[in-house]
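Take 95 as the starting number for the sequence shown in the numbering used here and just add one per residue.
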Amino acid sequence: KIKSWVAKSCPNCVAHSALLEAESSALKGNKGLACQRYESAVLLAGRRGLTQIQALANERFAVYLEEIGNITEARHRLNEAIKLYSEWGAFAKARQIGKEEASYSCDLHELTGSTRV
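Below is the structure:
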């Protein structure tokens with residue numbers, strides 16, 4: 095249904111569609127395409143001023159990046175999601191993600207043996 099809205103030139107649906115396509119690509123194991131589509135969702139939502147969708151796209155991108163082992167970029171995306179959720183006024187969600195970001199710091203320490211994160 096969202097694809098039909100996009101086809102009818104519903105500009106606010108384009109970012110939603112890009113995010114759904116990113117999730118689909120991730121589920122199919124297409125890493126390159128999934129990353130491109132997550133990035134597109136973030137950019138398209140930002141251009142339309144859809145802060146909540148931009149935050150969600152960053153959050154989902156972070157989860158995917160963590161799954162494929164890119165912890166550094168995952169942390170960056172989580173921090174972006176925290177910032178955007180806070181800007182939108184979703185402070186409880188920002189705090190929840192902050193706790194997840196702290197767990198990435200712990201995971202990174204375990205992976206590298208480093209005391210610096």
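Here a beta-carbon is modelled for each residue, glycine too, at the ideal position from N, C-alpha and C.
Checklist entry - At least one CB of chain D closer than 8 Å to the CB of Ala168: is that the case? => result The displayed structure is made up of one protein chain only, and chain D is not part of it.
Next on the checklist: Can you look up Lys177 in the DSSP assignment and give me helix, strand or coil?
Outcome noted: helix
Item to check | DSSP-derived helix/strand/coil call for Asn152 | outcome: helix
Item to check | Spatial distance of Leu159 from Leu113 (CA atoms) | outcome: 14 Å
Checklist entry - Using the rule of at least 16 other Cβ atoms within 10 Å of the residue's Cβ for burial, across every protein chain shown, is Ser119 buried or exposed? => result buried
Item to check | Given 8 Å, three or more beta-carbon pairs between the region 137–150 and the region 160–173 | outcome: no
Checklist entry - CB Glu195 to CB Arg154, shorter than 8 Å? => result no
Checklist entry - Looking at the structure shown, is Thr209 part of a helix, part of a strand, or coil, going by DSSP? => result Bear in mind that a pLDDT of 43 at Thr209, under 50, signals an unreliable position, so the number given afterwards is only what the model happens to contain. Coil.
Next on the checklist: I want to check one thing, is the minimum distance from the CB of Ala149 to the heavy atoms of the ligand SAM below 7 Å?
Outcome noted: As for the ligand SAM, it is missing from this structure, which has no ligand bound.
Checklist entry - What separation, rounded to the nearest whole angstrom, lies between the Cα atoms of Ala149 and Gln130? => result 16 Å
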